[in-house]
Amino acid sequence: MAKKIEKFPSKIWLSSPTMHGPEIKYMTEAYQTNWMSTVGENLNEIERLACEKVGCQYAVGLSSGTAALHMAVKLAGVQPGDRVFCSDMTFGATVNPVRYEGGEPVFIDTEYDTWNMDPIALSKAFELYPEVNVVVVAHLYGTPCKMNEIREICNQHGAVLIEDAAESLGATYKGIQTGKLGKYNAISFNGNKIITGSSGGMLLTDDEEAAQKVRKWSTQARENAPWYQHEELGYNYRMSNVIAGVVRGQFPYLEEHIAQKKAIYERYRDGFLDLPIEMNPYDVKNSEPNFWLSCMLIHPQAMCKQVRGEREALYISEPGKSCPTEILETLAKYNAEGRPIWKPMHMQPIYRMNGFVTREGNGRGKTNAYINGGAVGKDNKPLDVGMDIFRRGLCLPSDNKMTPEIQDCIIEIIKRCFL
C-alpha cells in the first residue's frame, strides 16, 4: 500500500533566501553610523569580496543584476538599431538591456548539453549577420556555458562578450569562476539567488576605465565640479550600503549554499533513476555548476498531451506518462513550489519578430517536419531546442532549507504523476 503523503504545513519554496545572522549586524552598523545611502564600508567590502572570489580586478555594486547588464551593454557601445546576439532560453533581464540602448536582440538557440547558448548556432548566426559585434550569454540555472568555444567564435569576429552570471555565482568553467569569462560581466543578489541582498547586483570587469565609467553613470553621471554638472546621461543604479550589508553577511556562506544545492540536485538525480526523466545537464569534464536550481526534463515518449496558450495550460492525464503542467499543479496541491523552464525569448510576444538562429540556420520558417509538437531537422532531432526543453522541462523545489525527508516526499509525489 502506498504511503499517504500529507500537504506540507509550510510552503516548500523554489529557492528562498537563507539568512545566517551576520546580515543584520552589518545592516545595523550602516544604521548606527548613518551610512544609509550609496557609499559606505559594506559596499566597499562586498566589492572587494566579489573581486577576491571571482578573480576579477574591479567590481561595482549596483541596484540589480539588470542594472549591471544595462551598464555592460552601454560599455560595449550598442547603438540604436545594432543587432546583438543573445541567449534565447533565459530570463527577460538578460535581453531587455539591449533594448534599453535601442539595440535589436537576435536570439541564439539552446543546446542540449548544457541548456545554454549553442556555439554551433552562434557560429551560424555570424554567417547570417556578420556585422554583429556584441554577444550576451547567460549561464542558465547556475550551469556554465561552453565558454571556450563561445569566446573563440567571438574573438574570430571581433565581438565583445558580455557574461550574464546572475544565476551562476560560484560556478566554474575549467577552473575559472563565472563572472570572469567575458569582457563585462554581471552577477545578481536578487532574493532567490544563491546568496542575496534581497536585491542588488554587480558589474565585474578587468577594465579599470570601464569600472570608473559605471561608477559615474550609476550615480547620475555627475561631473567633478562644485555644483551638479551633467555632460552625459546618468542613472540611479548604485547599490545602497544597507543592501550591501545583507550581501556582506551572505558572502561567507556561498560555498555552504552551493554544497547544499548540489546535495539537493544529487538526491533528485538518484531518486528519479527509475523514471523516464533526466536532470538539467552540465559538462562534467569542464564545469562545476553552483546547482542554483534543480530541473528535470521528461523523455518525449513519456509526455502526456499538453497544450500551452499565452497564459494558461491544459493537459490530458495518461497512465505511465506526465507533463510539466501536471507535475507543477500536483506539487502546488501539496504546498510545494515548482516553476516552468524559462520560456525562450523568441517565443515571447514582445520578441517574436526578432531574429532567431538555430544550428541549421534561421530558425523561423525553415523546417522539414513536425514531431512531438516541434520542428525537426534532417536527423529527426528538434530544430528548436529551446522550445523543446520548455515544453518538456520544469524547475523543481530547490530551497536549501528543504530537509531530505521533505525532498523524499516531493520525489514520491512526482513518481505518482507517472503511474
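Note that numbering that gives the first Met the number 0 has the sequence shown beginning at 0, numbered continuously upward. For every residue, glycine included, the Cβ atom is placed at its ideal position computed from N, Cα and C. Fair warning: this is a prediction, and the values are worked out from it, not measured in the lab.
DSSP-derived helix/strand/coil call for residue i
i: residue 48; result: helix
i: residue 392; result: strand
i: residue 436; result: In the structure as shown, the chain begins at 0 and stops at 418. Residue 436 is therefore absent and cannot be evaluated.
i: residue 364; result: In this prediction, residue 364 scores a pLDDT of 40, lower than 50, which makes its location untrustworthy; no coordinate-derived value is stated.
i: residue 444; result: Since the displayed the chain opens at 0 and closes at 418, residue 444 lies outside it and no answer follows.
i: residue 399; result: coil
i: residue 235; result: strand
i: residue 311; result: coil
i: residue 158; result: coil
i: residue 420; result: Here the chain comprises residues numbered 0 to 418, so residue 420 is not present and cannot be evaluated.
i: residue 122; result: helix
i: residue 404; result: helix
i: residue 334; result: coil
i: residue 416; result: helix
i: residue 153; result: helix
i: residue 97; result: helix
i: residue 350; result: helix
i: residue 329; result: helix
i: residue 145; result: coil
i: residue 10; result: coil
DSSP bridge partner residues for residue i (one or two, in chain order)
i: residue 339; result: 393
i: residue 302; result: 321
i: residue 116; result: 109
i: residue 103; result: 82
i: residue 356; result: 107 and 361
i: residue 229; result: 221
i: residue 137; result: 163
i: residue 286; result: 172
i: residue 297; result: 276
Range covered by the beta strand (DSSP E) that runs through residue i
i: residue 278; result: 276–278
i: residue 85; result: 82–86
Unbroken alpha helix (DSSP H) run spanning residue i, endpoints
i: residue 420; result: It is not possible to answer for residue 420, since the shown part of the chain is limited to 0 through 418.
i: residue 259; result: 253–270
i: residue 249; result: 240–249
Extract the residue ranges of the beta strand (DSSP E) inside the segment 162–209, only unbroken runs of 3 or more that lie entirely within it.
For the segment 162–209, whole beta strand (DSSP E) runs of length 3 or above, ordered along the chain, are 183–187 and 200–204.
Using 8 Å as the cut-off, can you tell me whether the segment 106–126 makes contact with the segment 143–161, which would need three or more C-beta pairs spanning the two stretches below that distance?
Yes, they touch.
For a minimum of 3 consecutive residues, which ranges assigned as the beta strand (DSSP E) are wholly contained in the segment 12–78?
The qualifying runs are 57–61.
Taking contact to mean at least 3 C-beta pairs separated by less than 8 Å, is the segment 259–275 in contact with the segment 62–77?
Result no; under three Cβ-Cβ pairs closer than 8 Å.
Does the segment 162–172 come into contact with the segment 298–308, if we say contact requires no fewer than three beta-carbon pairs (one atom in each stretch) closer than 8 Å?
Two segments are said to touch when three or more pairs of C-beta atoms, one from each, lie closer than 8 Å; by this definition the segment 162–172 does not touch the segment 298–308.
Indicate whether the contact test is met: 3 or more Cβ pairs, each with one atom in the segment 128–135 and one in the segment 79–98, closer than 8 Å.
With the cut-off at 8 Å, the segment 128–135 and the segment 79–98 touch.
With contact counted as at least three CB pairs below 8 Å, one residue from each stretch, are the segment 351–360 and the segment 388–402 in contact?
No contact exists between the segment 351–360 and the segment 388–402.
Looking at C-beta atoms only, is the number of pairs between the segment 313–333 and the segment 219–228 that lie closer than 8 Å three or more?
Three or more Cβ pairs closer than 8 Å define a contact, and the segment 313–333 falls short of that threshold against the segment 219–228.
Three-pair Cβ contact test at 8 Å for the segment 96–111 versus the segment 68–82
With the cut-off at 8 Å, the segment 96–111 and the segment 68–82 touch.
Using a Cβ distance threshold of 8 Å, determine whether the segment 45–59 contacts the segment 274–290, with at least three qualifying pairs required.
Counting Cβ pairs under 8 Å, fewer than three are found: no touch.
Do the segment 240–260 and the segment 189–205 touch if we need at least three Cβ pairs shorter than 8 Å?
Yes: the two stretches touch, three or more of their Cβ pairs being nearer than 8 Å.
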